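Residue numbering for the sequence shown follows my numbering, beginning at 4 and increasing consecutively. Each residue gets a CB set at the ideal place from its N, CA and C atoms; glycine is no exception. Nothing here was measured: the structure is a model prediction, and the numbers come from that model. Structure, as structure tokens:
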Amino acid sequence: MNVVVLILALLLMAVGAGELIRWAGERAFRSECCPGRTVLLLLPGSPEDCEGLIRQAAARFDGYKALCVVKDRESREIAGRLRERYKMLEVCGPEELERLLGP
């Protein structure tokens, strides 16, 4: 019985040592900077959804840039007013989306 427990303990130690070596190797050779960025894309379906969607995004994803793509004038006015309060918000139309998300 003691031999079985000893063998299982040695096997578990070997697996743990292997995982520790793998983890240390990944951390040593990983690049320090991340070339990507996170942008939250908001697509309100109607002017009624616009305000709620922006407020929910600001509450849940604080610290991320949010890009609200609006299709009509009323939604653009609502988003423009909310942009004064939420500095992380950018408002654009579908035609401006590529320019804002480009490099």
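- Its Cα nearest to that of L56, the residue S78 stands out among A17, G66 and S78.
- Sequence-distant Cβ neighbours of A20 in its own chain, meaning closer than 8 Å and more than five residues away, do not exist here.
- Across the set I10, R58 and M16, the C-alpha of R58 shows the shortest separation from the C-alpha of K90.
- In this model, S49 and R40 are separated by some 28 Å (Cα to Cα).
- Boundaries of the alpha helix (DSSP H) around V7: N5 to F32.
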